[in-house]
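Colleague:
Protein chains in written order, with the numbering used here: chain C, 444 to 1076; chain U, 189 to 287.
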């Protein structure tokens, strides 16, 4: 800043950016603000609030608000409602903008300008950013910005936001005194939709020069293959398989490093600190908790990398177009597929990925059912239970795989069944419909994708991560306190005297109809940190020597456990029931924390927790009691 | 090879539909490549309004671009952009022939 800079304004100029989805609004926002962005939620709703800052041409600070993508100000969705309320100065949390930048796609001007006609009537100065003029020109469409400015009575800046073309011109308008920017109210006599479009048709006839018959574009050529009845499916399946492989297998490497890193840090703490509560809190509570948060980052980063590519290239709309028929059967839509698929690896990135679903009801339903998909944390539990079911080698690997597969299928059935019930009894059925724009294919910009990954990762760490860490420490305290009076107590004795052990015994009567004893109850409670903890907890509960989680050792010890009356604890029915319980139960505080963050209220995660726990209990009860009635053990 | 067979089945079924319905009354009956004119919208007010705002104003030219592989939704072109609509809603968009 130089000494000649204009005197500091007491109030910063507030600039709102608005536009249809797919018009390059976010690209412009990123180009203006770079990394100086803040993302939060508007209070009480799921809509995200994006703001940023940039310097005007004279060094003054401009406050930029990225309003949610909207087709119209006659609010139909929570997003559009927020955009409308901010523009009318009706929200306490956001100042009324001093100027509105209306981003329009030059290759799709008529419909993009529809929103602009509504903005002109707000009484706020409007600047039209005529974006993507390069794309328009490649399709033979030429827009005359001067003529357009004359007809709309507002400044029009031709831009290619992705390449920074026109940014200086836009900034100079944003820095100029606003009196120069007139607002174009009173251009339209009639305010109904048809009148607006008649006016726009007239304007576009004058300002837009385009070839009579649209040329066959690359998008047409790509679509001929990518939405083809055969090749469309092949490409779709290959893409989904690649994404799934990446979040399942590729992410496993960095996750291993994080686990090892956590162990190293915890080991170091145990070396330098004297034994005691502080050491235990740091090593088993804090470090394990932080590790338990960071462990999700690889999957989140990888999934959002692919989501970014799919969205920005335009293929996401095609994938949804292909899958919509299937998902519509249970009241979901095509875009619900990827979040549900990702949830087979982990529900956390899956729930975060539902952000691409515009319809609120469909998004909430997808979030609600996503944790039914068997995530990778359930695998160790399934594996242990199957090993208990078939101790010897007399049963083929195929039968074991079949049981595993049926657990996965059970999760899918529970998810789709729940979605179907939601849809069946939802009041909003009449208002939700799929109107999905099929944007032209574009080369995705890596920088935009990376920016979004960073945004998601930071949000996860800040909002969900803190909750997960806090809950991990609570869980640590539950299994640690109160300490056994006897200092030489074994792990098993200590655990049984802890709060978790006491809770396990308190809930034993509830678990008894499922065939579980209080030791299994402790395992269920400890599983809330992460489901795979069940295996380790069972090892501690039953005093498996030298911390061995070797499947054979643990299996033998579990199989030898007897009830007071001398019968075995882990009968086949108990094992199958436990598996069913783990398929259906919401035993993951991390997912609950993310659902809270994504739905912006505790209502949904609590409802989800109650519903899934009841369903899991019912399922396990059915297996155990039903099986006994049929004469199984 | 397989795709050729599929294409042929698809073409056959389309031809049979075409012979049955020479003119269609709503967008749900239209076939890929057909160019039509929006005549009116017969849907609940909220949906109808949204469709109007997306450009389905009576008199506007619409063209069915393609069906999704499972037949639903359908991709249409209206006012120079592409949009996918489910058949449930497409049936509520009245059309007439473009002359």
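In this text, a Cβ means the ideal position worked out from N, Cα and C, and glycines have one as well.
1. Using a Cβ-Cβ cutoff of less than 7 Å, which residues in the same chain neighbour residue 755 of chain C once the five nearest sequence positions on both sides are dropped?
2. May I ask which residues mark the beginning and end of the beta strand (DSSP E) holding residue 228 of chain U?
3. For the region 1050-1057 of chain C against the region 1023-1030 of chain C, do three or more pairs of beta-carbon atoms, one drawn from each stretch, fall closer than 8 Å, so that the two count as touching?
4. So what's residue 269 of chain U in DSSP terms, helix, strand or just coil?
5. Can you list, in chain order, the residues of the region 874-888 of chain C whose Cβ is nearer than 7 Å to any Cβ on chain U?
6. Please state whether DSSP places residue 1075 of chain C in a helix, a strand or coil.
7. Given that residue 215 of chain U touches chain C, what residues does it touch there, using C-beta distances under 8 Å?
8. Determine, using beta carbons only, whether residue 808 of chain C and residue 778 of chain C come nearer to each other than 8 Å.
9. Flag residue 553 of chain C as yes if its beta-carbon sits less than 8 Å from any beta-carbon of chain U, otherwise no.
10. Could you name the residues of the same chain whose beta carbon sits closer than 7 Å to that of residue 209 of chain U, not counting the 5 residues immediately before and after it, in chain order?
11. Under the rule that 16 or more other beta-carbon atoms within 10 Å means buried, what is residue 721 of chain C, buried or exposed?
12. Run the CB neighbour count on residue 270 of chain U, radius 10 Å, all protein chains shown included, and call it buried at 16 or more, exposed below.
13. For the structure I just gave you, are there three or more beta carbon pairs, one from the region 595-603 of chain C and one from the region 488-508 of chain C, closer than 8 Å?
14. Evaluate contact between the region 607-616 of chain C and the region 661-672 of chain C, counting only Cβ atoms and requiring at least three cross-stretch pairs below 8 Å.
15. Give the residues of chain C in contact with residue 240 of chain U, contact being defined as C-beta atoms less than 7 Å apart.
16. Taking 8 Å as the CB-CB limit, is residue 670 of chain C close to chain U?
17. Cβ of residue 218 of chain U less than 8 Å from any chain C Cβ?
18. Using the Cβ count rule (16 or more neighbours within 10 Å means buried), how would you classify residue 555 of chain C?
19. So, using beta-carbon positions, are residue 789 of chain C and residue 739 of chain C closer together than 8 Å?
20. The region 499-520 of chain C: which residues have C-beta closer than 8 Å to a C-beta of chain U, in chain order?
21. Applying the 10 Å Cβ sphere with the 16-neighbour rule, what's the burial state of residue 1034 of chain C?
22. Can you find a C-beta in chain U that's less than 8 Å from the C-beta of residue 829 of chain C?
23. How is residue 214 of chain U classed by DSSP in three states: helix, strand or coil?
24. Measuring straight from C-alpha to C-alpha, what distance separates residue 1014 of chain C and residue 923 of chain C?
25. When the Cα of residue 1077 of chain C is compared with those of C:619, C:1073 and C:582, which residue comes out closest?
26. In three-state DSSP terms, what is residue 787 of chain C?
27. Is the region 701-718 of chain C touching the region 759-770 of chain C, taking contact as three or more C-beta pairs under 8 Å?
28. Please report how far the alpha carbon of residue 520 of chain C lies from the alpha carbon of residue 876 of chain C, in whole angstroms.
29. Residues in the same chain with beta-carbon distance under 7 Å from residue 575 of chain C, minus the five sequence neighbours each way, listed in chain order, please.
30. Output, in chain order, the set of chain C residues within a Cβ distance shorter than 9 Å of residue 260 of chain U.
31. Taking the CB atoms as reference points, tell me whether residue 508 of chain C and residue 476 of chain C lie closer together than 8 Å.
32. Do you know whose CA, among C:538, C:653 and C:534, lies nearest residue 584 of chain C's CA?
33. Looking at the unbroken beta strand (DSSP E) that takes in residue 575 of chain C, where does it start and where does it end?
34. Roughly how many angstroms separate the alpha carbons of residue 899 of chain C and residue 820 of chain C, rounded to a whole number?
35. Quick one: list the residues of chain U neighbouring residue 764 of chain C, beta-carbon separation under 8 Å, in chain order.
36. Give the single residue among C:745, C:784, C:697 and C:505 whose Cα lies nearest to the Cα of residue 734 of chain C.
Modeller: According to the structure shown:
1. 885, 887, 888, 891 and 892
2. 223-229
3. yes
4. strand
5. 874, 876, 877, 878, 879, 880 and 881
6. coil
7. The premise fails here: residue 215 of chain U is roughly 13 Å from chain C at the closest Cβ pair, so nothing lies under 8 Å.
8. no
9. yes
10. In this prediction, residue 209 of chain U scores a pLDDT of 49, lower than 50, which makes its location untrustworthy; the coordinate-derived value is nonetheless stated afterwards. If we look at residue 209 of chain U and ignore the five residues flanking it on each side, its Cβ neighbours are 217.
11. exposed
12. buried
13. no
14. no
15. 636
16. yes
17. no
18. buried
19. yes
20. 514, 515, 517 and 519
21. buried
22. no
23. strand
24. 30 Å
25. As shown, chain C starts at 444 and ends at 1076. That puts residue 1077 of chain C outside it, with no answer to give.
26. coil
27. no
28. 12 Å
29. 467, 548, 549, 550 and 603
30. 767, 768 and 771
31. no
32. C:653
33. Where residue 575 of chain C is concerned, there is no enclosing beta strand (DSSP E), given that its DSSP letter is neither H nor E.
34. 22 Å
35. 256, 261, 263 and 272
36. C:697
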